[in-house]
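Contents: one structure, followed by commentary.
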Amino acid sequence: MPTKFKKRVKVSYRDDEWTESNDGNCHEIYIMNQQTKSMDENIHHDEQQQEDLMESSSPRSQHPPIKKQKGFIRLEESNLDDQHYDDHLTFPDDIVFHVMQFLGSTFIWSTCVRVCKQWYSQACAIPLSLDFSKRKKQSIRFDVHYLNNMLNLTKLDLSSCIINDQDLKYLSNCGFKNNLKFLTLWRNNIGSRGAGHIASTMRNLTYLDLYYNCVGVKGAKLIATSEHLKNLTFLNLGVNPIRCEGVRALCSSQHVCQNLEVLKVGFTSLGIEGAKCISNCEKLQNLNQLDISNNTLGAEGAKYISTSVYLKNLTYLCMNGNDIGDEGVKFIATSECMKKLKELHLQCNNVGDQGAKYLSHSEHVRNIIDLDLSSNMISDDGATRLGTSEVLKHLQVLDLTRNKLTVHGVGIIRQHLSDLLYFHH
Numbered sequence: 001m002p003t004k005f006k007k008r009v010k011v012s013y014r015d016d017e018w019t020e021s022n023d024g025n026c027h028e029i030y031i032m033n034q035q036t037k038s039m040d041e042n043i044h045h046d047e048q049q050q051e052d053l054m055e056s057s058s059p060r061s062q063h064p065p066i067k068k069q070k071g072f073i074r075l076e077e078s079n080l081d082d083q084h085y086d087d088h089l090t091f092p093d094d095i096v097f098h099v100m101q102f103l104g105s106t107f108i109w110s111t112c113v114r115v116c117k118q119w120y121s122q123a124c125a126i127p128l129s130l131d132f133s134k135r136k137k138q139s140i141r142f143d144v145h146y147l148n149n150m151l152n153l154t155k156l157d158l159s160s161c162i163i164n165d166q167d168l169k170y171l172s173n174c175g176f177k178n179n180l181k182f183l184t185l186w187r188n189n190i191g192s193r194g195a196g197h198i199a200s201t202m203r204n205l206t207y208l209d210l211y212y213n214c215v216g217v218k219g220a221k222l223i224a225t226s227e228h229l230k231n232l233t234f235l236n237l238g239v240n241p242i243r244c245e246g247v248r249a250l251c252s253s254q255h256v257c258q259n260l261e262v263l264k265v266g267f268t269s270l271g272i273e274g275a276k277c278i279s280n281c282e283k284l285q286n287l288n289q290l291d292i293s294n295n296t297l298g299a300e301g302a303k304y305i306s307t308s309v310y311l312k313n314l315t316y317l318c319m320n321g322n323d324i325g326d327e328g329v330k331f332i333a334t335s336e337c338m339k340k341l342k343e344l345h346l347q348c349n350n351v352g353d354q355g356a357k358y359l360s361h362s363e364h365v366r367n368i369i370d371l372d373l374s375s376n377m378i379s380d381d382g383a384t385r386l387g388t389s390e391v392l393k394h395l396q397v398l399d400l401t402r403n404k405l406t407v408h409g410v411g412i413i414r415q416h417l418s419d420l421l422y423f424h425h
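Note that full-length UniProt numbering has the sequence shown beginning at 1, numbered continuously upward.
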């Protein structure tokens, strides 16, 4: 108990005869203060007894409180032993597998595999899709050895990762080589030898993108003769020096071309003879997208492509930068084999008003909804023909940038082509 100090009260009166302290009065006031303080303590004691009684009647008072420390829970003070605690924290394998299917592959392999052995084993069973093309530091070479244990990798994008032939040799021996279906490797340092590693080991590829590498004629031949690439539906060899000889090897392949739906061979120096090989390839009947841009085809090359009976299922044709001129446009516009076209890109082809006229009057281009005629020589006259054309009234995308249009031509197109969603001029 703390020491109680007596509180002495000094009473003084105005009267001169009572200026000194009156001991009797001080004693009486001191007694009154002590009585008041005693009453307050009794009231406080009664209130404390009521609170203790209420707390003793609550269910929580039946168990001793568990001490907690800031920052963590002391599990050793609980009634669960270690085995019982582990049983409560372990999820069945099928639940872990089901949850992981809704997570991104990057998160699975950066976080989930570190939880426990069970989670690691389930992560290895999830079909994985990894995209390293959007790395912040693309100038740093990617180490492919990190991919060795990802057995169920089905989609891999290593674009701009400075991958070379030696890296592809390592990848071709990884455990996921038979499960991989999508492989994107554009803008790397891959040569013909690297293409050979892909062609000789990866059996289930359906999508192969080797855009902007160093694959030459030999690499194209290795791809063409591979029995493992028979499931390919997408092949991009654009910006690779495969030339006409490489294209000829692809078109004569017994396996690669039979299921192809998309073929991109722009900037490959294939020339007119390469276009002729493609137009005569019977195995390309399933092809619906062809990019043959920037290959100096001229009007003759446009004729081979547009009149091919094996390319009659094309819905997308890109012939940018081939200098086909108005005559080449005429071959495309008047060919019955091109009547399924929905997207036609003829950028930078020296096309004038006459070429626009051919397109505006042809019944075979009625299905086109995306037309790119940018970087040509079309004036208001050609724009008027395109805008007032009955067969092109369903256009949704029209690009006439870098032509000779004025405000008048632009106004006519805006006035008549009411379905346009994007008009670039």
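Every residue, glycine too, gets a C-beta built ideally from N, C-alpha and C. Bear in mind the structure is a predicted one, so any value in this text is a computation, not a measurement.
Secondary structure of residue 316 (DSSP, three-state): strand. In this model, residue 293 and residue 310 are separated by some 19 Å (Cα to Cα).
Partner residues in a beta bridge of residue 178, as assigned by DSSP, do not exist. Inter-residue distance for residue 119 and residue 161 is about 29 Å (C-alpha atoms, whole angstroms).
Around the C-beta of residue 201, 16 or more other C-beta atoms lie within 10 Å, and the residue is accordingly described as buried. Assigned with DSSP and collapsed to three states, residue 262 falls in strand. Shown here for residue 150: same chain residues with a beta carbon closer than 6 Å to its own, the five before and five after excluded, namely 128 and 176 in chain order.
One Cα belongs to residue 254, the other to residue 189, and the distance between them is close to 28 Å.
Remark: fewer than three beta-carbon pairs, one from each stretch, lie closer than 8 Å, so the stretch 215-235 and the stretch 270-282 are not flagged as touching.
Scanning its chain for C-beta atoms nearer than 6 Å, with the 5 sequence neighbours on each side dropped, one finds around residue 375 the residues 347, 348 and 402, in chain order. With 16 or more neighbouring CB atoms inside 10 Å of its own CB, residue 383 falls in the buried class. Listed in chain order, the beta strand (DSSP E) elements of length 3 or more contained wholly in the stretch 200-247 are 207-209 and 234-236. Annotated as proximal: residue 209 and residue 184, with beta-carbon spacing under 7 Å. In this structure, DSSP gives residue 297 a state outside helix and strand, which the three-state scheme calls coil. Distance between residue 364 and residue 203, taken at the CA atoms: about 40 Å.
Exclusion of the five residues before and after residue 91 leaves no residue of its chain whose Cβ lies closer than 6 Å to its Cβ. The C-beta distance from residue 392 to residue 420 rounds to 10 Å, too long to fall under 8 Å, and the pair is not in contact. The DSSP-derived three-state label of residue 423 is strand. In the structure shown, the three-state DSSP call for residue 375 is coil. About 15 Å separates the beta carbons of residue 198 and residue 216, which is beyond the 8 Å limit, so they are not a contact pair. Pairing residue 263 with residue 308, the inter-Cα distance amounts to about 15 Å. Pairing residue 193 with residue 258, the inter-Cα distance amounts to about 24 Å.
The beta carbon of residue 322 sits closer than 8 Å to the beta carbons of 292, 293, 294, 295, 296, 297, 298, 301, 302, 328 and 349 from its chain, once the five residues preceding and following it are set aside; these are given in chain order. When 205, 413 and 306 are compared, the shortest CA-CA separation from residue 180 is found for 205. Beta-bridge analysis with DSSP links residue 343 to 316 and 370.
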